[in-house]
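> Protein chains in written order, with my numbering: chain H, 30 to 138; chain L, 78 to 192.
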């Protein structure tokens with residue numbers, strides 16, 4: 030069964046909208062949760078989260094982790110067409126890393 | 078900075094053939110990771126090396142897959158014999174420290190199609 034589950038699987042919104050992407054996990058020996066953005070090529074790193082309740086922010090993107098409820102959200106405000114991509118969540122546990130299947134986000138102009 | 082270099086970028090082969098994928102990590106990085114990405118299974122870690130030594134190969138699907146890192150600047154992932162279900166994009170990534178995933182830099186990937 031999947032240890033890292035992302036939702037929704039896909040999302041289509043208009044430019045300027047705000048979106049929230051979800052990632053839930055179920056692992057032991059949790060170390061960190063990571064968000065990546067994947068356009069047509071390779072994933073690029075966005076955030077690493079290790080502590081609950083501390084928001085990480087980079088421009089219009091922000092993310093927060095809830096280690097009690099075992100989930101994280103990635104928010105994108107004032108979306109632009111360049112935000113269209115697959116957003117991947119990964120969980121590092123023990124000495125392993127597991128990726129979710131991603132959320133495909135499409136921003137309409 | 079050339080980034081992580083992978084070759085070939087695309088490979089089309091017939092079932093049963095041997096396939097060798099190549100990766101040159103970023104100079105100075107001491108960890109290297111091989112991933113496979115498919116629509117069905119997403120991105121999966123196959124194996125990673127630290128200082129040229131394989132640390133975790135539990136993600137390698139079966140004996141048909143093997144990976145080597147003979148030196149700090151080169152790694153190969155070999156599939157022999159290849160099967161249609163091996164069709165995927167194979168990514169190589171490198172990291173400047175001992176496997177901290179947030180510092181991984183991904184290569185452009187090799188798209189493998191096995192007919």
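The C-beta atom is built at its ideal place from N, Cα and C for all residues, glycine as well.
Do the region 115-134 of chain H and the region 151-166 of chain L touch if we need at least three Cβ pairs shorter than 8 Å?
Short answer: they don't touch.
> Buried or exposed: residue 195(L), going by 16 or more other Cβ atoms within 10 Å of its Cβ?
No answer is possible for residue 195(L): the residues shown for chain L start at 78 and end at 192.
> Inspect the CB distances between the region 96-116 of chain H and the region 84-103 of chain L and report whether three or more fall short of 8 Å.
no
> Confirm, please, whether the CB-CB distance from residue 88(L) to residue 153(L) is below 8 Å.
The sequence position of residue 153(L) within the second chain is 76, counting from 1. The sequence position of residue 88(L) within the second chain is 11, counting from 1. No, Cβ-Cβ distance for residue 153(L) and residue 88(L) is not below 8 Å.
> Taking 8 Å as the threshold (C-beta atoms), are residue 56(H) and residue 129(H) in contact?
Looking up residue 129(H) in the first chain gives position 100. Looking up residue 56(H) in the first chain gives position 27. Their beta carbons are not under 8 Å apart, which means residue 129(H) does not touch residue 56(H) by this criterion.
> With residue 171(L) as the anchor, note down where its beta strand (DSSP E) starts and where it stops.
Position 94 of the second chain, counted from the start, is the residue given in the question as residue 171(L). Start and end: 165-172.
> Select from the region 95-127 of chain H all residues with a C-beta closer than 8 Å to any C-beta belonging to chain L, and list them in chain order.
117, 119, 121, 124, 125, 126 and 127
> Can you list, in chain order, the residues of its chain with a C-beta nearer than 7 Å to that of residue 122(L)? Leave out the 5 residues immediately preceding and following it.
Locating residue 122(L) in the second chain gives position 45, where the first residue counts as 1. Sequence-distant partners of residue 122(L) (beyond 5 residues in either direction) whose C-beta falls short of 7 Å from its own C-beta, in its chain, are 110, 112 and 136.
> Comparing C-alpha positions only, which one of 80(L), 134(L) and 118(L) sits nearest to residue 165(L)?
Residue mapping note: residue 165(L) aligns to position 88 of the second chain, counting from 1. That would be 118(L), whose Cα lies nearest to the Cα of residue 165(L).
> Use the C-beta contact count for residue 88(H): other C-beta atoms within 10 angstroms, 16 or more gives buried, fewer gives exposed.
For this step, residue 88(H) is matched to residue 59 along the first chain. Its Cβ having fewer than 16 others within 10 Å, residue 88(H) is exposed.
> Between the C-alpha atoms of residue 113(H) and residue 72(H), what's the straight-line distance to the nearest angstrom?
Here residue 113(H) corresponds to residue number 84 of the first chain, with the count starting at 1. Here residue 72(H) corresponds to residue number 43 of the first chain, with the count starting at 1. Roughly 13 Å between the two C-alpha positions.
> Residue 162(L) by DSSP, collapsed to three states: which one?
By one-based count along the second chain, residue 162(L) stands at place 85. Of the three classes helix, strand and coil, the one that applies to residue 162(L) here is helix, per DSSP.
> So if DSSP puts residue 129(L) in a beta bridge, which residue, or which two residues, is it bridged to?
The sequence position of residue 129(L) within the second chain is 52, counting from 1. DSSP, once it has assigned bridges, lists no residue as partnering residue 129(L).
> According to DSSP, is residue 95(H) helix, strand or coil?
Taking the first chain and counting its residues from 1, the one referred to as residue 95(H) is at position 66. DSSP places residue 95(H) in strand when its eight states are reduced to three.
> On the DSSP bridge assignment, give the partners of residue 71(H) in chain order.
Sequence index remark: in the first chain, residue 71(H) carries index 42 (1-based). Note: residue 71(H) sits in no beta bridge, so no partner.
> How would you write the range of the beta strand (DSSP E) that residue 43(H) sits in, first residue to last?
Counting from 1 along the first chain, the entry for residue 43(H) is found at position 14. Start and end: 39-43.
> Output the distance between the C-alpha atoms of residue 41(H) and residue 129(L), rounded to the nearest integer angstrom.
Within the first chain, residue 41(H) is the residue found at index 12, counting from 1. Within the second chain, residue 129(L) is the residue found at index 52, counting from 1. The straight-line gap from Cα to Cα measures roughly 43 Å.
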